[in-house]
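Have a look at the structure below before the remarks.
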Amino acid sequence: MTDGSELWRECVRWMIKCGILDATHRVADSDAEIGDFASILRDGVLLCMLCNRLCENCIDTKDLQQRPQMAQVAFFFLMLLLPQ
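1 is the number of the first residue of the sequence shown in UniProt numbering; add one for each residue after it.
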């Protein structure tokens with residue numbers, strides 16, 4: 001296991017292994033930063049896809065709402081909570 005500052009990279013690898021992210025996605029690059037990872041999670045779509053992968057059909061994808069204004073708010077708070 002990696003130290004706390006690199007746990008997000010472990011999450012990226014896990015999401016690739018689960019088939020949620022492609023191995024060639026920019027967040028899998030060695031020069032990617034935690035903000036890159038946070039930005040792809042901020043609308044919640046990938047997290048819903050992950051939930052459905054772990055528990056089939058637990059989230060009805062037609063119920064997903066794309067609310068970019070709320071994604072920006074969530075992203076702001078996430079960045080405040082993450083260690084720099």
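The C-beta atom is built at its ideal place from N, Cα and C for all residues, glycine as well. Remember, it's a predicted structure, so these values are computed and weren't measured experimentally.
Quiz item: Taking the alpha helix (DSSP H) that residue 51 falls in, what are its first and last residues?
Solution: 45–54
Quiz item: Can you tell me the Cα-Cα spacing of residue 60 and residue 18, whole angstroms?
Solution: 19 Å
Quiz item: For the putative contact between residue 53 and residue 20, defined by C-beta atoms under 8 Å, what is the C-beta separation to the nearest angstrom?
Solution: Right, their Cβ atoms sit about 6 Å apart.
Quiz item: Under the rule that 16 or more other beta-carbon atoms within 10 Å means buried, what is residue 43, buried or exposed?
Solution: Counting Cβ neighbours within 10 Å, residue 43 comes out buried, since at least 16 surround it.
Quiz item: To which residues of the same chain is residue 56 closer than 8 Å at the C-beta, ignoring the five residues directly before and after it?
Solution: So the list is empty, once near-sequence residues are dropped.
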